[in-house]
Amino acid sequence: MSAVAPLLQADALSVEFPVRRGILRREVARLRAVDRVSIEVRAGEVLGIVGESGCGKTTLGRAMVGLIAPDAGTLRVEGRDVATLSPDERRRMTRDVQMVFQDPFASLNPRKRIRQVLELPFEVHGLAGGAERDARIRELVALVGLSAEHLDRWPHELSGGQRQRVGIARALALQPKLVVLDEPLSALDMSIQSQVLNLLVDLRERLNLSYVFISHDLSIVEYLCDHVAVMYLGRVVESAPAAQLFASPRHPYTQALLAAVPDPDPRRERPGRPLDGDVPALLHAPGGCAFHTRCPLVQPRCRASAPDLRVVDTVGLQRAACHLL
Numbered sequence: 000m001s002a003v004a005p006l007l008q009a010d011a012l013s014v015e016f017p018v019r020r021g022i023l024r025r026e027v028a029r030l031r032a033v034d035r036v037s038i039e040v041r042a043g044e045v046l047g048i049v050g051e052s053g054c055g056k057t058t059l060g061r062a063m064v065g066l067i068a069p070d071a072g073t074l075r076v077e078g079r080d081v082a083t084l085s086p087d088e089r090r091r092m093t094r095d096v097q098m099v100f101q102d103p104f105a106s107l108n109p110r111k112r113i114r115q116v117l118e119l120p121f122e123v124h125g126l127a128g129g130a131e132r133d134a135r136i137r138e139l140v141a142l143v144g145l146s147a148e149h150l151d152r153w154p155h156e157l158s159g160g161q162r163q164r165v166g167i168a169r170a171l172a173l174q175p176k177l178v179v180l181d182e183p184l185s186a187l188d189m190s191i192q193s194q195v196l197n198l199l200v201d202l203r204e205r206l207n208l209s210y211v212f213i214s215h216d217l218s219i220v221e222y223l224c225d226h227v228a229v230m231y232l233g234r235v236v237e238s239a240p241a242a243q244l245f246a247s248p249r250h251p252y253t254q255a256l257l258a259a260v261p262d263p264d265p266r267r268e269r270p271g272r273p274l275d276g277d278v279p280a281l282l283h284a285p286g287g288c289a290f291h292t293r294c295p296l297v298q299p300r301c302r303a304s305a306p307d308l309r310v311v312d313t314v315g316l317q318r319a320a321c322h323l324l
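Here is the structure:
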């Protein structure tokens with residue numbers, strides 16, 4: 000293992016939300032959206048996080064950037080435990096780790112022009128002012144493929160792709176080292192998706208950025224990511240280098256996800272088959288292995304105990320949480 004600390008590292012990270020009912024809104028249960036997740040992102044790397052809706056991907060991403068406080072576990076940025084940072088140090092950390100949200104319209108204040116949207120990060124952090132700030136903002140819009148004339152427009156006057164470019168520019172305003180991208184392409188038309196994807200690739204190379212790329216689109220994940228973590232009901236069930244995971248998925252859930260992707264070559268065989276049924280509700284997650292209610296290979300011990308994420312290959316880069324591996 001490299002002596003250099005990962006840019007971001009989560010150890011046994013858990014996030015819970017209270018479930019409240021009744022007139023008095025009393026807490027009756029806790030919903031664990033992220034369950035003891037351990038992952039890391041190294042400098043220059045793109046980590047993909049995939050899984051069905053409701054698996055905890057977005058909650059994990061928000062915890063990474065400090066929008067949600069974890070209930071258990073440790074989050075480190077460049078080796079420093081975020082929980083032990085002073086307010087000033089935590090503010091600095093937020094400059095290093097930024098986020099681009101899924102909905103490019105909802106993430107922009109409709110009452111602010113684009114110039115005001117991009118000025119806000121500088122105001123909050125007390126960086127650059129006057130002519131220097133204006134020059135930085137003009138550089139940002141040019142960097143993401145927009146022109147200076149877009150600065151005086153309102154969000155509703157822009158297309159979906161242009162709004163997402165503004166979201167990317169806002170995330171880059173503070174010159175972060177890591178950007179968490181939460182489904183950044185899913186709300187865009189197919190023709191625009193490729194343009195924004197090419198922009199992300201170009202920015203990564205030009206600015207030496209690291210990404211956490213949260214997505215449903217496995218073809219984009221295969222193209223963009225260096226490493227992939229597969230989540231199911233709040234847990235990571237498999238992680239591996241992208242090429243290895245797509246060539247030889249080991250966990251039955253990963254195999255099922257890949258089997259569900261349309262393939263232009265009908266003669267190509269893939270391990271696994273698409274899943275039947277829906278994802279169980281997180282509030283009533285099954286005991287043992289969370290996947291056992293849908294797994295075609297389920298055994299009695301799968302219902303009895305939850306498997307640990309462990310090495311399943313000789314190189315030690317591929318890990319899976321399955322009793323049968």
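According to numbering that gives the first Met the number 0, the residues represented by the sequence shown are 0 to 324, in order. Glycine included, C-beta positions come from ideal geometry on N, C-alpha and C.
For the segment 218-248, the full-length alpha helix (DSSP H) segments reaching 4 residues or more read 241-246 along the chain. In the three-state reduction of the DSSP assignment, residue 209 falls in the strand class, which pools E and B.
Per DSSP, reduced to three states, the secondary structure at residue 120 is helical.
If you compare the alpha carbons of 22, 17, 245 with that of residue 28, the shortest gap goes to 17. Our two residues, residue 195 and residue 257, have alpha carbons roughly 24 Å apart in a direct line. In this structure, the beta-carbon distance from residue 322 to residue 301 falls below 7 Å.
For residue 9 against residue 49, the beta-carbon gap comes to about 16 Å, at or over 8 Å, which does not count as contact.
DSSP lists no beta-bridge partner residue for residue 187.
In this chain, the alpha helix (DSSP H) harbouring residue 255 covers 251-258. Residue state for residue 196 is assigned as helix, using DSSP reduced to three classes. Counting C-beta atoms within 10 angstroms of its own C-beta, residue 3 has fewer than 16 neighbours from the protein chains shown and is therefore classed as exposed.
Taking the CA atoms as reference points, residue 205 sits about 36 Å from residue 309. In the structure shown, residue 73 falls within a strand segment according to DSSP collapsed to helix, strand and coil.
Contact fails between the segment 179-198 and the segment 108-122, because fewer than three Cβ pairs, one in each stretch, are under 8 Å apart.
In the structure shown, residue 174 falls within a coil segment according to DSSP collapsed to helix, strand and coil. Where residue 275 is concerned, there is no enclosing beta strand (DSSP E), because DSSP gives it neither an H nor an E.
Secondary structure of residue 113 (DSSP, three-state): helix. Scanning 126, 7, 88 for the CA closest to the CA of residue 75 turns up 7.
With respect to the 7 Å criterion, residue 96 and residue 177 are classified as neighbours on the basis of their beta carbons.
About 4 Å separates the beta carbon of residue 250 from that of residue 319, a gap short enough to meet the 8 Å contact definition. Following the DSSP letters along the chain, one finds residue 136 in no beta strand (DSSP E) but inside the alpha helix (DSSP H) bounded by residues 129-142. Taking the Cβ atoms as the reference, residue 11 lies roughly 10 Å from residue 33, outside the contact range of under 8 Å.
In this structure, residue 169 lies away from residue 103, with their beta-carbon atoms at least 7 Å apart. In the DSSP secondary-structure assignment, residue 8 is bridged to 39, 75.
Put simply, of 243, 259, 208, 283 the residue whose alpha carbon is nearest the alpha carbon of residue 313 is 243.
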